[in-house]
Amino acid sequence: MHILPPNRLAAVLLAITFPLLAEVRLPSLFSNHLVLQQNQPIAIWGWAEPGEDITITLNQRQTACRADADGKWITRLPAEKAGGPFELTVEGKNTIVLEDVMVGEVWLCSGQSNMAMSVQECLNFPQEREEAAAFGHVRQFKVLHRPSPVPQLDCEGNWVPAAPETVDAFTATGYFFAKTVSEKLPGVAIGLINASWGGTRIEPWTPISGLERIPALQSIHEDVLRRSPGTRLYEEGIRAYLRKLEAWSQDAKLSLADSHSVEPPPVLPQKYHPLTSKNHPTTLFNGMIRPLIPYNIRGVLWYQGEANLRDGMLYYSKMKALLLSWRDLWMDRHLPFYFVQLPPYQYGDPNDEPELLGEMWNAQAACENLQDIGMAVINDVGDVKDIHPKNKQEVGRRLALLALAKTYGFLEIQCHGPRFRHMDKDGDTLKIQFDYADGLTTRDGEAPSCFEIAGPEADYTPANAVIQDNMVILSHPDVKAPTAMRFAWRKTAVPNLTNAAGLSCSPFQAGDEPMIDFLKLHVPDSKQLDMIYDLHIASHGNQVIYSTDYSKKLVGRPFDRVAYFLELHPKFDRPRFVYVAMDAFTQDLSKIGVPTVSSGASFQMKVDHLTVISNHPGVTAAENLQDAGCIEFFPNNYREVNGIGIPDAKDNAFDFGDSIQPNEDGYGSMQVHNYAAKQTVFAYNNWRKGEDCDLGIGNSHPIPNHPRTEKVTDWTYNANGANYTSKRLRIFVHFTE
3 MHILPPNRLA AVLLAITFPL LAEVRLPSLF SNHLVLQQNQ PIAIWGWAEP
53 GEDITITLNQ RQTACRADAD GKWITRLPAE KAGGPFELTV EGKNTIVLED
103 VMVGEVWLCS GQSNMAMSVQ ECLNFPQERE EAAAFGHVRQ FKVLHRPSPV
153 PQLDCEGNWV PAAPETVDAF TATGYFFAKT VSEKLPGVAI GLINASWGGT
203 RIEPWTPISG LERIPALQSI HEDVLRRSPG TRLYEEGIRA YLRKLEAWSQ
253 DAKLSLADSH SVEPPPVLPQ KYHPLTSKNH PTTLFNGMIR PLIPYNIRGV
303 LWYQGEANLR DGMLYYSKMK ALLLSWRDLW MDRHLPFYFV QLPPYQYGDP
353 NDEPELLGEM WNAQAACENL QDIGMAVIND VGDVKDIHPK NKQEVGRRLA
403 LLALAKTYGF LEIQCHGPRF RHMDKDGDTL KIQFDYADGL TTRDGEAPSC
453 FEIAGPEADY TPANAVIQDN MVILSHPDVK APTAMRFAWR KTAVPNLTNA
503 AGLSCSPFQA GDEPMIDFLK LHVPDSKQLD MIYDLHIASH GNQVIYSTDY
553 SKKLVGRPFD RVAYFLELHP KFDRPRFVYV AMDAFTQDLS KIGVPTVSSG
603 ASFQMKVDHL TVISNHPGVT AAENLQDAGC IEFFPNNYRE VNGIGIPDAK
653 DNAFDFGDSI QPNEDGYGSM QVHNYAAKQT VFAYNNWRKG EDCDLGIGNS
703 HPIPNHPRTE KVTDWTYNAN GANYTSKRLR IFVHFTE
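Under the numbering used here, the first residue of the sequence shown is numbered 3, with each subsequent residue one higher.
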């Protein structure tokens with residue numbers, strides 16, 4: 003394990019700074035109104051003059067210690083039962099007296115904006131403000147936002163009791179958690195340490211020790227080491243940079259003598275810049291969590307994930323890294339950790355990337371397999387149009403149910419909604435069994451919603467769902483022998499399945515997803531076609547190499563139709579396909595594939611009898627349309643000007659009518675258009691870029707912050723090939739004999 007010099011640097015800075023004050027000093031965490039954790043030895047620490055004797059007194063119990071050579075001291079008071087208010091006295095050459103000190107339950111509340119969201123932003127704030135007068139035993143320490151490249155030993159903040167004039171700034175999730183816990187722990191003070199920051203990823207909250215221990219996170223770990231002075235990776239990089247800088251310096255000196263011009267000096271590569279942003283790995287742990295250790299806490303409440311939305315299952319590894327490292331640093335292997343599963347939300351266009359949340363939900367659910375952890379499911383109390391749903395009362399309550407049942411021993415409390423246990427196949431039905439399913443029902447009395455099933459001849463289809471005892475039976479007349487199902491898998495799905503406790507079921511999927519032949523299912527004429535090429539796009543990097551190529555074997559046979567079948571599987575959507583057929587525009591089989599330079603293909607022309615079949619919602623179906631289709635197949639560069647007069651094509655936009663440029667080995671275009679509908683049917687451009695090719699079905703749309711795509715509908719400049727998990731192009735002809 004690497005021991006980072008920044009730790010030593012922080013210690014040196016403290017040794018230099020605080021002893022100069024020649025007074026006993028406490029971290030900001032120790033202030034008036036603080037809450038100390040009950041039933042645990044109480045850690046107290048601070049700074050003083052080296053060798054100074056310190057005496058600490060709480061509730062007539064006393065302990066003593068001596069500051070070390072760096073002026074640091076730490077001691078532990080005996081465990082206390084819940085109670086107060088007390089005075090906490092720290093005596094050395096000076097005396098500090100903290101008043102209104104309570105002993106109770108302390109929870110760390112961390113994450114991004116939904117944890118940071120305050121009580122005043124939630125439902126019924128006027129009522130909550132009024133009721134806060136009775137909750138002065140709930141107190142918050144709000145950690146000032148502070149990213150840091152090195153671990154800090156103190157932070158800024160102070161303890162504030164809840165009151166009508168203060169509760170507005172409390173973390174809403176934490177506050178409503180505390181209110182519910184208070185019902186079962188009457189008279190016990192509850193302290194909330196609010197270390198949260200909107201828009202932050204999970205990596206900044208994770209120490210380097212957490213990144214180091216998880217193999218899937220080694221690239222992030224190395225990035226931190228590379229930016230940390232004193233590590234091997236940092237030193238190697240800086241030495242290499244200095245060699246370049248010294249060479250430049252020598253050349254600059256020579257230029258003074260012989261008057262030759264000098265190139266600009268080399269710039270330090272970004273990968274060696276210090277970690278300073280709130281979204282750089284480790285920075286928020288260093289600045290906002292490390293100063294809290296070893297303050298005694300009962301457990302952690304975590305609400306985060308929106309900023310890591312596209313991590314998918316990798317988020318599980320990141321959660322594990324954070325959880326295990328925090329437990330190590332607090333020296334508590336069983337530190338309770340309760341978190342909120344992200345609720346449904348539209349995230350951009352509600353129709354785009356409908357499965358965006360699916361893998362994140364899977365990753366979060368997988369975290370429940372870790373020890374002493376629990377997930378609050380809130381897919382029934384979110385707001386698909388508001389990323390900050392206002393009903394934090396129920397979010398806090400559901401976290402509290404987990405804590406009450408798992409941490410505080412109220413075993414009669416049901417804290418989970420239905421959880422998937424097992425799926426059985428039974429002919430044309432699927433039987434889904436659940437844990438925590440007592441009183442399985444729906445909130446609205448309607449049939450269970452948001453279930454889908456799929457089979458060998460049917461993609462995911464909304465299922466007919468029926469509750470039978472504590473099972474759900476799924477079927478659909480169009481799905482024979484289903485093999486797979488999923489529940490509430492779309493990002494805007496708000497399911498109604500619940501148990502007797504009124505707790506919602508978490509999204510899940512089960513079974514073996516079938517391999518569906520979309521061509522066979524959706525193209526009636528497919529049996530009359532012969533495949534000439536099969537291309538798994540970008541499977542050979544920047545080279546176009548077909549997995550199947552019958553062009554030489556079948557050369558010379560006449561054909562009257564050419565057809566293309568493109569299948570794309572976006573990362574967060576179901577597979578999309580398009581079939582497009584037209585009258586043959588050549589009798590040379592070598593020229594109907596991707597128009598590379600070596601193929602010799604170059605076509606920009608109208609085509610007859612256009613047929614289009616697709617499951618993409620933006621593609622217009624067509625059958626044997628005349629005066630409607632055109633192709634742009636060439637390896638050249640091209641311009642926006644409508645070179646061959648395609649109707650309605652624009653001269654100032656890349657669309658269905660552009661101009662071929664003279665350079666033969668250029669950008670490259672393979673596009674089929676339905677100009678009558680003003681649509682690109684499909685496009686495969688710039689194939690020499692491999693995964694960064696332009697690829698799509700239907701018209702493309704402008705990409706935010708990408709000006710070159712603003713007037714583009716044929717996917718030019720999109721460089722989006724890597725957005726698909728699979729991409730396959732098959733090319734067919736209809737032989738006439």
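All residues carry an ideal CB built from backbone N, CA and C; glycine is no exception.
Alpha carbon of residue i to alpha carbon of residue j, nearest angstrom
| i | j | result |
| --- | --- | --- |
| residue 8 | residue 362 | Any reading at residue 8 needs caution, since the residue's pLDDT is 38, under 50, leaving its predicted position unreliable; the model's value is listed next. Between residue 8 and residue 362, the C-alpha separation is close to 34 Å. |
| residue 38 | residue 297 | 8 Å |
| residue 416 | residue 539 | 51 Å |
| residue 228 | residue 268 | 18 Å |
| residue 459 | residue 519 | 8 Å |
| residue 335 | residue 328 | 9 Å |
| residue 430 | residue 144 | 56 Å |
| residue 604 | residue 564 | 16 Å |
| residue 80 | residue 146 | 30 Å |
| residue 218 | residue 366 | 16 Å |
| residue 690 | residue 501 | 55 Å |
| residue 464 | residue 206 | 40 Å |
| residue 439 | residue 421 | 8 Å |
| residue 497 | residue 452 | 6 Å |
| residue 499 | residue 376 | 20 Å |
| residue 331 | residue 295 | 7 Å |
| residue 95 | residue 68 | 12 Å |
| residue 354 | residue 347 | 12 Å |
| residue 455 | residue 485 | 8 Å |
| residue 23 | residue 166 | Bear in mind that the predicted position of residue 23 carries a pLDDT of just 48, short of 50, making it unreliable; the figure below should be weighed with that in mind. The straight-line gap from Cα to Cα measures roughly 38 Å. |
| residue 32 | residue 48 | 10 Å |
Paired residues, beta bridge with residue i - DSSP
| i | result |
| --- | --- |
| residue 341 | 304, 377 |
| residue 572 | 726 |
| residue 631 | 609, 676 |
| residue 467 | 476 |
| residue 426 | 433 |
| residue 144 | 196 |
As assigned by DSSP and simplified to three states, the class of residue i
| i | result |
| --- | --- |
| residue 23 | With a pLDDT of 48 at residue 23, under the threshold of 50, the modelled position of that residue is not reliable, and no figure is offered here. |
| residue 179 | helix |
| residue 5 | Note that residue 5 scores 34 on pLDDT, short of 50, meaning its location in the model is unreliable; the coordinates nonetheless yield the value given after this. Residue 5: coil per DSSP, three-state reduction. |
| residue 616 | strand |
| residue 731 | strand |
| residue 648 | coil |
| residue 432 | strand |
| residue 290 | helix |
| residue 736 | strand |
| residue 371 | helix |
| residue 501 | coil |
| residue 509 | coil |
| residue 33 | coil |
| residue 391 | coil |
| residue 554 | coil |
| residue 708 | coil |
| residue 335 | coil |
Minimum C-alpha distance to residue i - residue among the options
| i | options | result |
| --- | --- | --- |
| residue 1 | 35, 31, 73 | A question about residue 1 goes unanswered here, because the residues of the chain that appear run from 3 up to 739. |
| residue 433 | 408, 463, 487 | 487 |
| residue 395 | 509, 130, 521 | 130 |
| residue 469 | 436, 591, 483, 172 | 436 |
| residue 548 | 595, 428, 244 | 595 |
| residue 407 | 427, 428, 374 | 374 |
| residue 153 | 189, 185, 211, 134 | 211 |
Within-9 Å CB hit, residue i to chain D
| i | result |
| --- | --- |
| residue 454 | Protein chains in the displayed structure number just one, and chain D is not present. |
Do the segment 197–215 and the segment 113–131 touch if we need at least three Cβ pairs shorter than 8 Å?
Yes: the two stretches touch, three or more of their Cβ pairs being nearer than 8 Å.
Taking contact to mean 3 or more Cβ pairs, one atom from each stretch, closer than 8 Å, check whether the segment 630–637 and the segment 666–679 are in contact.
By the Cβ rule, the segment 630–637 counts as touching the segment 666–679, because three or more pairs are nearer than 8 Å.
Determine contact between the segment 291–310 and the segment 148–168, defined as no fewer than three beta-carbon pairs at a distance below 8 Å.
By the criterion of at least three beta-carbon pairs nearer than 8 Å, the segment 291–310 is in contact with the segment 148–168.
Pairs of beta-carbons, one from the segment 67–85 and one from the segment 133–143, closer than 8 Å: are there three or more?
Judged by Cβ distances under 8 Å, the segment 67–85 makes no contact with the segment 133–143, as fewer than three pairs qualify.
If you pair each beta-carbon of the segment 348–359 with each one of the segment 390–405, do three or more pairs fall below 8 Å?
The segment 348–359 vs the segment 390–405: no contact.
Cβ contact check for the segment 615–624 and the segment 638–654: 3 or more pairs under 8 Å:
Taking a contact to require three or more Cβ pairs closer than 8 Å, the segment 615–624 and the segment 638–654 do not qualify as touching.
Across the segment 728–739 and the segment 549–564, are there enough close Cβ pairs to call them in contact, namely three or more that are closer than 8 Å?
Three or more pairs of CB atoms, one per stretch, sit closer than 8 Å, so the segment 728–739 contacts the segment 549–564.
Count the C-beta pairs between the segment 169–189 and the segment 229–237 that are closer than 8 Å, then say yes if the count reaches three, no if not.
The segment 229–237 and the segment 169–189 do not touch, with fewer than three beta-carbon pairs separated by less than 8 Å.
Taking 8 Å as the threshold, find out whether the segment 699–707 comes into contact with the segment 723–731 through three or more Cβ pairs.
Here the segment 699–707 does not lie against the segment 723–731, with fewer than 3 beta-carbon pairs under 8 Å apart.
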